[in-house]
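Using my numbering, read the sequence shown as starting at 226 and increasing by one per residue. Below is one structure, written out as structure tokens, with a few remarks after it.
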Amino acid sequence: MLVVVMDLSETYRSIVRKYFPNAMIVADLFHVVRLLNHHFLKVWGVLDPAGRKSRGLLSLLRRHECNLKPDQIPKLQKYFDEIPGLEALYRFKQDLMQLLLKKHQRRREAKDLIPLLLWHMNECLQSAWEPMKTFGQTLKSWLEPIVHHGRVRFQEFQELPTQSDCTLWLGWSIQHPKLILCKIAMPHVVVKSLYRARCPVFK
């Protein structure tokens with residue numbers, strides 16, 4: 226099975242679908258998490274424009290909750306008490322972040338996570354905040370590639386080169402016949418990341 230890992234680009238996805246219709250598309254969660262943080266910070270900027278400009282607060286709110294130091298937790302809670310609505314949004318983001326970052330799930334475990342992901346997606350779509358609605362639409366569009374990420378075990382990462390002409394390589398690993406390596410490079414459009422992955426994956 227060919228597995229293609231990419232950022233949340235409709236252009237890249239359409240290219241893969243055109244040239245590799247049977248490939249499994251997997252969302253690179255780095256970009257999913259970065260996008261979630263981006264939209265969260267937009268809402269925070271509306272709730273407290275002055276606080277949004279504080280580097281100290283920015284550092285606290287962008288961290289995973291588990292990475293907060295003991296003395297930072299009461300400081301963050303005090304700030305939440307001053308800004309109505311921000312704590313609920315922060316907790317929601319943290320819960321969704323933990324859900325997205327779950328890796329190496331077995332088939333049953335991955336399926337059990339889908340209802341939770343759908344719930345968070347619907348909450349985003351019904352949010353009063355436009356940035357969260359936008360993120361919910363992204364989750365809806367990329368739901369399957371995001372779920373796939375939790376099932377794929379990556380053996381090798383390879384960045385694609387930039388090529389001026391349209392080039393296509395397909396190579397089979399001699400040592401691991403069940404692994405396939407694909408590299409795609411096209412004019413002005415490069416599928417960023419491709420991995421070797423074990424087969425079968427997420428049936």
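Note that the Cβ used here is the ideal one computed from N, Cα and C, for glycine as well.
In this structure, how does DSSP classify residue i when only helix, strand and coil are distinguished?
| i | result |
| --- | --- |
| Ile-308 | coil |
Mind checking if residue i is an interface residue toward chain B, Cβ cutoff 7 Å exclusive?
| i | result |
| --- | --- |
| Phe-305 | Included in the structure is just one protein chain, with no chain B present. |
Considering Cα atoms alone, identify which of the options is closest to residue i.
| i | options | result |
| --- | --- | --- |
| Phe-317 | Leu-368, Arg-238, Val-268 | Val-268 |
| Asn-262 | Trp-367, Phe-360, Pro-370 | Phe-360 |
| His-374 | Phe-245, Val-251, Val-241 | Val-251 |
| Ser-352 | Glu-334, Ala-313, Met-322, Leu-286 | Ala-313 |
| Leu-311 | Leu-364, Val-271, Tyr-237, Val-230 | Val-271 |
| Lys-358 | Trp-367, Met-346, Glu-235 | Met-346 |
| Leu-338 | Ile-240, Trp-354, Glu-369 | Glu-369 |
| Arg-277 | Gln-319, Leu-227, Phe-305 | Phe-305 |
| Glu-307 | Leu-343, Ala-275, Leu-233 | Ala-275 |
Which first and last residues belong to the beta strand (DSSP E) in which residue i is found?
| i | result |
| --- | --- |
| Ala-252 | 249-252 |
Could you give the residue range of the alpha helix (DSSP H) that holds residue i?
| i | result |
| --- | --- |
| Phe-360 | 355-366 |
| Arg-280 | 280-287 |
| Lys-243 | 235-244 |
| Pro-274 | 274-277 |
Run the CB neighbour count on residue i, radius 10 Å, all protein chains shown included, and call it buried at 16 or more, exposed below.
| i | result |
| --- | --- |
| Phe-255 | exposed |
| Ile-371 | buried |
| Arg-280 | exposed |
| Asp-253 | buried |
| Leu-242 | A small fix is needed here, since residue 242 is Arg in this sequence, not Leu. The residue is exposed, with fewer than 16 neighbouring Cβ atoms inside 10 Å. |
Grab me the residues of residue i's own chain with a C-beta within less than 7 Å of its C-beta, minus the 5 sequence neighbours each way, in chain order.
| i | result |
| --- | --- |
| Pro-356 | His-264, Lys-267, Val-268 |
| Met-322 | Val-258, Leu-261, His-289 |
| Gln-297 | Leu-285 |
| Leu-341 | Leu-324 |
Please go through the same chain and pick out, in chain order, the residues whose beta-carbon is closer than 6 Å to the beta-carbon of residue i, but skip the five residues on each side of it.
| i | result |
| --- | --- |
| Leu-301 | Leu-285 |
What residues in its chain sit with their C-beta under 8 Å from that of residue i, if we drop five residues either side in the sequence?
| i | result |
| --- | --- |
| Leu-350 | Lys-358, Gly-361, Gln-362, Lys-365 |
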